[in-house]
Amino acid sequence: MTKSMPGAAGDLAEKHPDVWKAYAALGKATADCGPLTDREKRLVKLALAIGAGSEGAVHSHTRRARSEGIEAQAIMQVAMLAIGPLGLPRAVAAKTWIEDIKD
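Following UniProt numbering, the residues of the sequence shown are numbered contiguously, the last one being 103.
Structure, rendered in structure tokens:
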């Protein structure tokens with residue numbers, strides 16, 4: 001799995017597998033602790049990445065959302081929903097980051 005992971009996260013996983021294993025276990029525990037569907041969890045994670053201003057995380061969650069069958073319109077709506085709480089500049093940045101990911 002780590003071989004196909006792009007960028008710094010893949011590098012970290014390869015160089016520090018014990019750290020990556022613990023991180024992955026934490027991710028699974030947090031994903032399993034409530035009633036949200038997989039679709040809802042992915043869109044929430046995308047929204048959190050947008051709120052944090054993390055281009056890499058927005059790319060990652062967009063890529064994963066598309067591979068999980070979440071339609072482009074739903075993904076883009078997450079960026080549009082950011083306008084109110086985060087402001088137009090942050091939402092426009094998120095929109096461009098989402099558009100970086102081609103099908």
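Backbone N, C-alpha and C define an ideal beta-carbon position, used for all residues, glycine too.
Q: Please classify Ala-31: does DSSP put it in a helix, a strand, or coil?
A: Helix at Ala-31.
Can you tell me where the alpha helix (DSSP H) with Ala-52 in it begins and where it stops? 38–52
Taking a contact to mean a Cβ-Cβ separation below 8 Å, would you say Ala-65 touches Arg-90 in this structure? no
Separation of Glu-14 from Leu-86, as counted between CA atoms = 35 Å
*So what's Lys-102 in DSSP terms, helix, strand or just coil?*
coil
*Cutoff 8 Å: Ala-82 Cβ touching any chain D Cβ*: Any reference to chain D falls outside this structure, which holds one protein chain only.
- Ile-50 to Val-58, Cα distance in whole Å? 6 Å
Q.
Quick check on Pro-6: does DSSP put it in helix, strand or coil?
A. coil
* To do: Using the Cα positions of Ser-60 and Ala-9, report the straight-line distance between them to the nearest angstrom.
  => 10 Å
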